[in-house]
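> Here you go, one structure.
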Amino acid sequence: MKQKGIDMETSKNSKATPQRKAAAEGNFYPAAQNSDGPGMNPRIQRLRKLSVETEPSLSIERALHETAFYRENYGKYSIPVLRAMNFHDHCQKKTLYIGEGELIVGERGPQPKAVPTFPELTCHSVEDFQVLNTRDQQRYTISAADIETYAREVIPYWQGKTIRERIFGHVPQEWQAAYEAGLFTEFMEQRAPGHTALDGQIYRKGMLDFKAQIAAEIAALDYLHDPEATDKFEELKAMDISCDAVILFAERHAAMAETMAEELAQQETDPQRVAELRQIAAVCRRVPAHKPATLHEAIQMYWFVHLGTITELNGWDAMNPGHFDQHLAPFYAADLSAGSLSREQAKELLCCFWIKVNNHPAPPKVGVTARESGTYNDFTNINIGGITGEGKDGVSEVSYVMLEVVEELHILQPGSSVHISSKTPERFLGAACRVIRQGHGYPSIFNPDVYTLELMRQGKSIRDAREGGCSGCIEVGAFGKEAYVLTGYLNVPKVLEVTLNNGRDPLTGQLVGIETGDPSGFKSYAELYAAFLQQLNHIVETKVRVSNYIDRMFAKYAPAPFLSVVIEDCISKGRDYYDAGPRYNTNYIQCTGLGTTTDSLATLKKHVFEDQTFAMDQVLGAVTNNFAGEEFLRQTILNKTPFFGNDDDYADDIALQIYADLLAAIDGKPNTKGESFHLNMLSTTCHIYFGKMMGATPNGRFAGKSISDGTSPSHGADTHGPSAVIRSLTKLDHTLSGGTLLNQRFLPSLLKRDEDITRLGQLVRSYFTLGGHHIQFNVVDTATLKAAQEAPEDYKDLLVRMAGYSDYFNDMNADLQQEVIERTENEAF
Amino acid sequence: MPQPLIFDIKRYSINDGPGIRLTIFFKGCPLSCRWCHNPESLAPGAQKLYTARKCLGCGECVKVCPRQACQLSAEGIVTDVDLCQVCGACAEVCPSRASEISGRAYSIAELMAIIEKETPFFDQSGGGVTFSGGEPLLHTPFLLDLLMRCGARDIHRAVDTSGYGKTAELLAVAKQTDLFLFDLKLMDAARHQEFTGVDNRLILDNLRALAATGAQIEIRVPLIAGVNDDRPNLEQLAGFVAQLAGTRPRLNLLPFHNVAEHKYQKLDQSYVVAGMAAPTAESLQRAAEICSAHGLVVSVGG
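Just so you know, the protein sequences line up as chains A and B, in that order. Quick note on my numbering: the first sequence kicks off at 1 and runs consecutively. Quick note on my numbering: the second sequence kicks off at 830 and runs consecutively.
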């Protein structure tokens, strides 16, 4: 007999005391050395502390400006010009904020974590505000006086005019029924299409350059032969006004910094801050009007563009700088060789930037959308590493500096991802794995060699594909050149549930799909599957019809002229970002619950049709009764059925079939822009909401429990370790999707030694060699999580990686917390 | 060729040799170490395991048992070991895996298919297969066949052994093995006999003979406070290893943990841990220093 070493040591010893003390920096960190918490120096510590501890609040300033502007001007201008002038008006009037010690400046609201509303899309009601102000999770504070002002000044004007009301006024009854049953969600019912990331254009061109380009396009308009010339003119004019708006916004910051510098200079107390304020003013005078010349200017340039796009509209998934390390690398190298900047100063600027992103919680959501995406995270995702447009390794010293920033700050936003191609050096992968070990949930890991193929299959050029990456969760696109519009999640297990109830939702008895036959009458698995397929196609078509309608609503009534300036080809086409302006225009449906659907179908195939262990009615009866009194049946299913994620072809072949049929149902469906729909296998937190909208499922899952996330196996279904999961997952051809998601939970105990880190990197390399798109690791232990549930105030900084992003454990609701605890633990391998 | 039983196959094994490995555990061991973490590894034949916590009390096993060995009681299923012939009928019908059979025969072809599935992970990590147990040397013909087939496919092969086997067989295995994980526990013959049930002379002789062939060897020492963490034992052990012929082996200290009790319960056996304890961090540190002082490269925990 041999002792099996450390796996024994770590697996069964559940620790009574958690390894993380209150607000300590991380699983492997010593306790905080200073009262202000983590950060490379006192400035960063203070800024981080302020950002982490400030409670999100609502600001009604933007809504007040906008409502007054619309009252005054609606009907006088074309819609694009009206939108641009409205944006300009707000940039001119908005309250500015330059905080103590800040080096990168600019806030969307009047102060950090103050979130504006966008009544033109969704006008919050008084009741909405009261709920937002008092709910336990994702609370946004707002004063009674502000609610009163809003009720008086804002709500009456927008009643009946918002995009949301117009959408819901249009949708057919069958869509409404399916939506309310939780068969799918709709992203754009209260937020604008987003998931946008930038390429390197804004580091080569200032707003004045864009204006010159716009002027040239306007001068070249051919009203004699081009029937769209007038529309193009209005859009281009709107873009031009938007450029002015952002320049004005920066100039106002410059003026404010100069005033602050002069006042402080007179006090003669802090010459360093006086110099910093003058520097800030100089930077804001230069960017975004001109292209940046230094690292400081490059970061501030991006930040002004970021703020502009998220102020203009509230695009879902905020805004992303894309391959930020690649964009900043030339500035970093030039500044360092000129001796004008040290590595530490560069890192400090990046820390300031990171904290700025964290200052911007997601705009508050309501209704179904709040239930399916309950988080402050607005999904800015910094891509680190990867490959360049020429196909070379994109890792630079800036990449390593960024990893240090991620590790030291460990804040909710921005998210970060590392991109590991076959050309990525081992040193970088190792550095990333060491950050992952800290257990903050960042970074997630992507495979550019595979997603380049995904993008090229959709028709992107090889260069544009290589310059792409992920924004938000796991979805990929051609950065700076594509509007890839995620339209919402599809609840695939619910499609099966509805099939098993002949088109009805068992929770309500309502007809929510089409009648595909009484399952008791199905003679074979093939008959059952054919019915499921028929139901699936019906649901997808129901969703796509409305998505296309919504696309046109945004194109016509809520264009984004400023965003259009910075996305390539919008200017040359004279078309808006939402109206096929970008070089590429795609739509996505995000499919969730592959594991739950596969395991449920495997159960029925094996036990009902093949082995005849149980009759169909017996299984359906047990499912209807949530397995009450049916533990024998349920345990038989759980223990005697091949489930997805164990490298067992019986289950994996079913998953392959479902994947192929999801592709057939979705991929290639035309969108309104001359291109088509594609699919993602993605869930974010929607698998929890979807699970709540479902009864029990044939795979033994109880009613209301979450369904499986992305392409991960069902909870507890994968019992053969990570290599078997990877083998199962890579039977799917990931290049046919726009992204898949694999969550693997590791406890810190599996990652103690340097060799363990090396193995983790090798596991990633193996997955990617086999064709995997994305993998992420949740490194926490159960004792820590349970302790965090019991004493939330002691675990304010406990970040947990959920399906596609990280969130604070304390900001999650009890269901989400339970889900994290229950996730398959890989500790025993 | 007699077909041995396998009691476990672990994927993503990262503590049994270099890289990401697949570890195959043979059933049956000539030793019976008191601290053994895998009590089901000891007997060569199949055994019934029972977990009362999982039992639904459905009585299906009672119905199917051909020898009426299973009886339902207030504490769950009681199996009469004298009647039970480990036919597996109970495990077959058990819905909740409360009743399981430890030990399953695999054909060479089945095992090779499982091994080959892991090659992408071996390729990326420099890993391979580890044959462990139990004692793989109890099944030398079968083991040799597997080793040769893996060798033909350039798969790295490790054998984890107690060293208690026929010397000629060990040396034959050595020709087809890239790395040995060789266990050493106690240098004192009497204490070895007391705690493991066998004399250690054969083990030490085999280790000398193996080292003389130039085989790559890693010495694994399960460190149990109160049993073998004393200075004389460690000095003697490290001294012995340091004087072996061939490439000087690395030495790996595996701290004992009292976590196996539930496994003994499954076999309806008791686990006597009296006099055995997990080594303290200081004791582990001291053990590492003693061994290092003999010029050995020492690592802790696999």
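The beta-carbon is built from N, C-alpha and C at its ideal position, and this holds for glycine as well.
By Cβ distance below 6 Å, which residues in the same chain neighbour K1092 of chain B in space, the five residues on each side in sequence not counted?
As a working note, residue 1092 of chain B is residue 263 in the second sequence. For K1092 of chain B, where only same-chain residues beyond five positions count, the Cβ hits under 6 Å are P868.
> Mind checking A526 of chain A: buried by the 16 CB within 10 Å criterion, or exposed?
Here residue 526 of chain A corresponds to residue number 526 of the first sequence, with the count starting at 1. It is exposed - the Cβ of A526 of chain A has fewer than 16 other Cβ atoms within 10 Å.
> With a Cβ-Cβ cutoff of 8 Å, do L1010 of chain B and E1047 of chain B count as a contact?
Residue numbering aside, residue 1010 of chain B sits at position 181 when the second sequence is read from its first letter. Residue numbering aside, residue 1047 of chain B sits at position 218 when the second sequence is read from its first letter. Their beta carbons are under 8 Å apart, which means L1010 of chain B touches E1047 of chain B by this criterion.
> To which residues of the same chain is L1052 of chain B closer than 8 Å at the C-beta, ignoring the five residues directly before and after it?
The residue labelled residue 1052 of chain B in the question sits at position 223 within the second sequence. D1058, L1082, L1083, P1084, F1085, P1108, S1112, L1113 and A1116.
> When you check each C-beta in the region 627-651 of chain A against every C-beta of chain B, which residues fall closer than 9 Å?
So the close ones are E631, F632, L633, R634, Q635, T636, I637, L638, N639, K640 and D647.
> Could you tell me which whole alpha helix (DSSP H) segments of length 4 or greater appear in the region 660-729 of chain A?
List check, alpha helix (DSSP H) in window: 686-692 and 721-729.
> Please confirm if G848 of chain B has its CB atom under 8 Å from at least one CB of chain A.
Counting from 1 along the second sequence, the entry for residue 848 of chain B is found at position 19. Judged by the 8 Å Cβ criterion, G848 of chain B is in contact with chain A.
> Taking the alpha carbon of H687 of chain A as the reference point, which residue from A:S712, A:H678, A:P670 and A:A664 has its own alpha carbon closest?
The residue given as residue 687 of chain A occupies position 687 in the first sequence. Residue A:S712 is the option with its Cα nearest to H687 of chain A.
> Three or more beta-carbon pairs under 8 Å between the region 594-612 of chain A and the region 475-488 of chain A, yes or no?
Touching, no, given that fewer than three Cβ pairs across the two stretches are closer than 8 Å.
> Could you please tell me which residues of the region 723-736 of chain A, in chain order, have their CB closer than 7 Å to any CB of chain B?
Taking 7 Å as the Cβ-Cβ cut-off against chain B, the residues of the region 723-736 of chain A that qualify are S723, A724 and R727.
> Using 8 Å as the Cβ pair cut-off and three pairs as the minimum, do the region 87-102 of chain A and the region 45-58 of chain A touch?
Yes: the two stretches touch, three or more of their Cβ pairs being nearer than 8 Å.
> Determine the chain A residues that contact I906 of chain B at a beta-carbon separation under 7 Å, and present them in chain order.
Against the second sequence, residue 906 of chain B aligns to sequence position 77. In chain order: nothing, as chain A lies at least about 15 Å away.
> To the nearest whole angstrom, what separates the beta carbons of G932 of chain B and F836 of chain B, a pair I think is in contact under 8 Å?
Residue mapping note: residue 932 of chain B aligns to position 103 of the second sequence, counting from 1. Residue mapping note: residue 836 of chain B aligns to position 7 of the second sequence, counting from 1. The pair is a contact, with the Cβ atoms about 5 Å apart (cut-off 8 Å).
> Suppose the cutoff is 6 Å on Cβ atoms and the five residues either side in sequence are ignored; what does the same chain contact list for Y767 of chain A look like?
Within the first sequence, the letter at position 767 stands for residue 767 of chain A. Closer than 6 Å at the Cβ level, and outside the excluded window around Y767 of chain A, lie I726 and I775.
> Starting from the beta carbon of Q953 of chain B, find every residue of chain A whose beta carbon is closer than 7 Å, and list them in chain order.
As a working mapping, residue 953 of chain B is identified with position 124 in the second sequence. The contacting residues are Q762, R765, S766 and T769.
> My understanding is that G848 of chain B touches F951 of chain B, with C-beta atoms under 8 Å, so please give their C-beta distance in whole angstroms.
On the second sequence, position 19 is the one that residue 848 of chain B refers to. On the second sequence, position 122 is the one that residue 951 of chain B refers to. Going by Cβ atoms, the distance from G848 of chain B to F951 of chain B rounds to 6 Å, so yes, they are a contact pair.
> Within 10 angstroms of the Cβ of V1129 of chain B, are there 16 or more other Cβ atoms? Answer buried if so, exposed if not.
Translated into positions along the second sequence, residue 1129 of chain B becomes position 300. Buried, because 16 or more other Cβ atoms sit within 10 Å of the Cβ of V1129 of chain B.
> How many angstroms separate the CA atom of V988 of chain B from the CA atom of V1050 of chain B?
Numbered from its first residue, the second sequence carries residue 988 of chain B at position 159. Numbered from its first residue, the second sequence carries residue 1050 of chain B at position 221. Answer to the nearest angstrom: the Cα atoms are 15 Å apart.
> Relative to the C-alpha of I163 of chain A, which candidate in A:E180, A:Q300 and A:A192 has its C-alpha closest?
Here residue 163 of chain A refers to the residue found at position 163 of the first sequence. The shortest C-alpha separation from I163 of chain A is found at A:A192.
> Thinking C-beta only, is L277 of chain A closer than 8 Å to A257 of chain A?
Translated into the one-based positions of the first sequence, residue 257 of chain A becomes position 257. Translated into the one-based positions of the first sequence, residue 277 of chain A becomes position 277. In contact: A257 of chain A and L277 of chain A (Cβ atoms closer than 8 Å).
> State the DSSP-derived secondary structure class of L507 of chain A, mapped to helix, strand or coil.
Your numbering for residue 507 of chain A matches position 507 in the first sequence. Three-state result, L507 of chain A: coil.
> Do we get a CB-CB distance below 8 Å when we pair S815 of chain B with the residues of chain A?
Any answer about residue 815 of chain B is impossible in this case: the structure gives chain B only from 830 up to 1131.
> Leaving out the 5 sequence neighbours to the left and right, which residues in its chain are closer than 7 Å to L563 of chain A when beta-carbon positions are compared?
Translated into the one-based positions of the first sequence, residue 563 of chain A becomes position 563. Around L563 of chain A: T196, T309, E312 and Y577.
> Identify, in the order they occur along the chain, each residue of the same chain with its Cβ nearer than 7 Å to the Cβ of Y935 of chain B, setting aside the five sequence neighbours on each side.
As a first step, residue 935 of chain B must be located in the second sequence, where it is residue number 106. Cβ within range, chain order: I835.
> Do S444 of chain A and N320 of chain A have their beta-carbon atoms positioned less than 8 Å apart in this structure?
Here residue 320 of chain A refers to the residue found at position 320 of the first sequence. Here residue 444 of chain A refers to the residue found at position 444 of the first sequence. Not in contact: N320 of chain A and S444 of chain A (Cβ atoms no closer than 8 Å).
> For G645 of chain A, I'd like the list of residues in its chain whose CB is within less than 6 Å of its CB, leaving aside the five on either flank, ordered along the chain.
To locate residue 645 of chain A, count along the first sequence from 1; it is residue 645. Hits under 6 Å: P713, A717, D718, V725 and S728.
> So, at 6 Å on beta carbons, what are the nonlocal neighbours of V366 of chain A in its own chain, with the 5 sequence-adjacent residues on each side left out?
Position 366 of the first sequence, counted from the start, is the residue given in the question as residue 366 of chain A. If we look at V366 of chain A and ignore the five residues flanking it on each side, its Cβ neighbours are D128.
> Would you tell me roughly how many angstroms separate the C-alpha atoms of A1040 of chain B and I1119 of chain B, rounded to the nearest one?
On the second sequence, residue 1040 of chain B is found 211 positions in, with the first residue counted as 1. On the second sequence, residue 1119 of chain B is found 290 positions in, with the first residue counted as 1. When rounded, the distance between both Cα atoms is 22 Å.
> By a C-beta neighbour count over all protein chains shown, 10 Å radius and 16 as the cutoff for buried, is H170 of chain A buried or exposed?
The residue labelled residue 170 of chain A in the question sits at position 170 within the first sequence. Its Cβ having fewer than 16 others within 10 Å, H170 of chain A is exposed.
> Counting C-beta neighbours from all protein chains within 10 Å, is the total for L224 of chain A 16 or more, i.e. buried, or is it exposed?
For the purposes of this step, residue 224 of chain A is taken as residue 224 along the first sequence, with counting starting at 1. Exposed, since its Cβ has fewer than 16 Cβ neighbours within 10 Å.
> Residue ranges of each alpha helix (DSSP H) run of no fewer than 4 residues wholly in the region 453-539 of chain A, ordered along the chain?
Within the region 453-539 of chain A, the complete alpha helix (DSSP H) runs of at least 4 residues are 462-466 and 492-499.
> Just the chain A side, please: which residues come within less than 9 Å of K946 of chain B by C-beta, in chain order?
In the second sequence, counting from the first residue as 1, residue 946 of chain B sits at position 117. Those within 9 Å of K946 of chain B in chain A are D647, S723, A724 and R727.
> Contact criterion: CB-CB distance below 8 Å. Does L1039 of chain B meet it with respect to chain A?
Locating residue 1039 of chain B in the second sequence gives position 210, where the first residue counts as 1. So no, L1039 of chain B is outside the interface.
> Less than 8 Å between the C-beta atoms of G200 of chain A and P288 of chain A, yes or no?
In the first sequence, residue 200 of chain A corresponds to position 200, counting from 1. In the first sequence, residue 288 of chain A corresponds to position 288, counting from 1. Result no, Cβ atoms of G200 of chain A and P288 of chain A do not sit closer than 8 Å.
> Apart from the five residues just before and just after V406 of chain A, which ones in its own chain have a Cβ nearer than 7 Å to its Cβ?
What you label residue 406 of chain A is simply residue 406 of the first sequence in a count that begins at 1. Within the same chain, V406 of chain A has close Cβ partners S416, V435, Y442 and P443.
> Mind listing the chain A neighbours of C887 of chain B? Cutoff is C-beta to C-beta under 8 Å, in chain order.
Mapped onto the second sequence, residue 887 of chain B falls at position 58. Per Cβ cutoff of 8 Å: F632.
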